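*Asks:* A single structure is presented below for examination.
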């Protein structure tokens, strides 16, 4: 088993995921873990179409933690994607393990009280709490929109957030 990418992306699955990331990190199946996405039938249909020829599972957090147990027993390569930083914090709080690194991609500014950080990332205080928690749990958080960009660490991004 390999979780080749654990990623926060509010668009979940889209062109960057299916072209740029797939070319750099092998994947056989995508697991989406999000209470919000799992409850939205229309969005699930759109995501299934966007996943093209890859297997796709869409779960709420409780189901997703159980799915992660099966992922760890598999010989396939997986992407684990959630639409929020708090989603990944909830996964860890529920006992889920998605690996040692969390990639942060798109986080738009349509959410309340966000501050633009550049390169398609806006953060709010809920993100700060979630990302601090994840780092405290041993997860290395990196901001990297596409594989060609250099990753930015959470401490560097947090300093930028605090000075904004």
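In my numbering, the protein residues as written are 31 to 194. Backbone N, C-alpha and C fix where the C-beta goes; we use that ideal spot for every residue, glycine too. Just so you know, these numbers come straight off a predicted model, no measurement behind them.
Just to check my reading of the structure: residue 132 and residue 164 have Cβ atoms closer than 8 Å, yes? What is that Cβ distance to the nearest angstrom?
*Replies:* With 8 Å as the limit, residue 132 and residue 164 qualify as a contact, their Cβ atoms being about 6 Å apart.
*Asks:* Can you name the start and end residues of the alpha helix (DSSP H) that residue 164 belongs to?
*Replies:* Taken as a continuous stretch (DSSP letters only), the alpha helix (DSSP H) holding residue 164 covers 155–166.
*Asks:* Just the Cα atoms here: how many angstroms apart are residue 129 and residue 49?
*Replies:* For residue 129 and residue 49, the distance between alpha carbons rounds to 23 Å.
*Asks:* For residue 39, does the count of other Cβ atoms within 10 angstroms reach 16, so buried, or fall short, so exposed?
*Replies:* It counts as buried.
*Asks:* Could you name each continuous beta strand (DSSP E) segment of 3 residues or more that falls completely within the stretch 70–118, going from the start of the chain to the end?
*Replies:* Listed in chain order, they are 85–89, 107–112.
*Asks:* Does the separation of the CB atoms of residue 117 and residue 64 fall below 8 Å?
*Replies:* Yes, Cβ-Cβ distance for residue 117 and residue 64 is below 8 Å.
*Asks:* Just to confirm before moving on: does the CB-CB distance between residue 198 and residue 107 stay below 8 Å?
*Replies:* This structure cannot settle anything about residue 198, because the visible part of the chain is limited to 31 through 194.
*Asks:* How big is the Cα-Cα spacing for residue 51 and residue 179?
*Replies:* Cα to Cα, residue 51 sits roughly 12 Å from residue 179.
*Asks:* Give me the Cα-Cα distance between residue 139 and residue 156, rounded to the nearest whole angstrom.
*Replies:* Between residue 139 and residue 156, the C-alpha separation is close to 13 Å.
*Asks:* So which of 115, 135, 101 has the shortest CA-CA distance to residue 210?
*Replies:* Residue numbering for the chain in the displayed model covers 31 to 194; residue 210 lies beyond these limits and cannot be assessed.
*Asks:* Let's see if you can read the secondary structure: which residues bound the alpha helix (DSSP H) around residue 48?
*Replies:* No alpha helix (DSSP H) holds residue 48; DSSP gives it neither H nor E.
*Asks:* From the DSSP output, read off the bridge partner residues of residue 61.
*Replies:* According to DSSP, which records beta bridges pairwise, residue 61 is partnered with 87, 110.
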